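See below for the structure under consideration.
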Amino acid sequence: MNYSAIKYCDIANGTGVRTVLFVSGCRNCCKGCFQPETWDFSYGQPFTREVEDVLIESLQPSYIKGLTLLGGDPMEPENQAALLPFLRRVKKLCPEKDIWAYTGYVLDRDLVSEGMCETQYTQEILSYIDVLVDGPFLEEEYSIMLKFKGSANQRVIDCKHYAATGKIVELF
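In the numbering used here, the protein residues as written are 214 to 385.
Below you can see the structure in the form of structure tokens.
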């Protein structure tokens with residue numbers, strides 16, 4: 214897996230101050246995407262153990278609320294295999310930090326059994342994610358007034374509640 218950028222002390226992509234990892238690779242290719250260069254799976258730099266270490270170190274200060282995964286799309290099947298060991302490390306070494314992820318795929322359609330992006334890694338990855346923002350960006354539904362999402366069709370989902378009950382609860 215490659216990544217395009219890391220942002221430290223970000224306040225736009227989840228609650229509180231966060232470290233944000235932008236992965237490379239996305240098949241959704243949403244019209245109006247703010248990072249179309251990240252659609253290419255080979256864009257950016259290789260995601261290595263050293264990069265993981267830097268990210269985990271950045272999560273250590275008490276003022277950092279958590280980690281956000283963006284893209285590209287972290288839930289692309291190719292990206293899931295690389296992200297799972299990293300998320301295991303984050304939860305082990307930083308259990309008090311929350312994890313947000315943004316995906317253009319729809320949780321209860323694409324990331325479930327028989328879904329188009331469901332892999333052997335998907336359910337474990339979802340177990341580590343606290344908040345999932347799902348759905349493709351739709352330029353015609355864009356609004357600057359939306360909290361933590363770009364278009365009205367997207368959902369900010371409590372992943373822990375979904376895992377426990379199978380029901381979608383939107384946080385914002």
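Using N, Cα and C, we set each Cβ at its ideal position, and we do this for glycine too.
All values reported here derive from a predicted model rather than from experimental measurement.
Neighbour-count burial assignment, residue i, 16 or more Cβ in a 10 Å radius
i      : result
Cys222 : exposed
Glu337 : exposed
Met288 : buried
Gly229 : exposed
Phe385 : exposed
Val382 : exposed
Thr335 : buried
Gln367 : buried
Pro259 : exposed
Arg231 : buried
Tyr276 : exposed
Ser326 : exposed
Three-state class that DSSP yields for residue i in the structure shown
i      : result
Asn215 : strand
Glu331 : coil
Ser356 : coil
Cys372 : helix
Tyr341 : helix
Thr316 : coil
Gln336 : helix
Pro259 : strand
Thr228 : coil
Val303 : helix
Ser364 : strand
Ile277 : strand
Leu351 : coil
Glu309 : coil
Val236 : strand
Contact with chain C by residue i, beta-carbon distance below 8 Å
i      : result
Ser217 : Checking the listed chains, one finds no chain C in this structure; it contains a single protein chain.
Through-space distance from residue j to residue i, alpha-carbon basis
i      : j      : result
Thr332 : Lys220 : 28 Å
Ile365 : Cys246 : Here residue 365 is Ala; the residue named in the question, Ile, does not match the sequence. About 15 Å.
Glu309 : Val344 : 14 Å
Ala294 : Leu300 : 11 Å
Gly284 : Pro290 : 13 Å
Leu296 : Glu353 : 31 Å
Phe235 : Ile224 : 15 Å
Pro349 : Lys360 : 16 Å
Arg240 : Ser356 : 23 Å
Trp313 : Lys305 : 16 Å
Cβ separation of residue i and residue j, assumed to be a contact under 8 Å, to the nearest whole Å
i      : j      : result
Tyr183 : Leu324 : With the chain covering 214 to 385 only, the question about residue 183 has no answer from this structure.
Leu280 : Val303 : 6 Å
Ser271 : Asp253 : In fact, because the Cβ distance is near 25 Å, the residues do not count as touching under 8 Å.
Val369 : Lys362 : 6 Å
Validate contact between the stretch 238-253 and the stretch 265-274 using beta carbons, cut 8 Å, 3 pairs: Too few Cβ pairs lie closer than 8 Å, so no.
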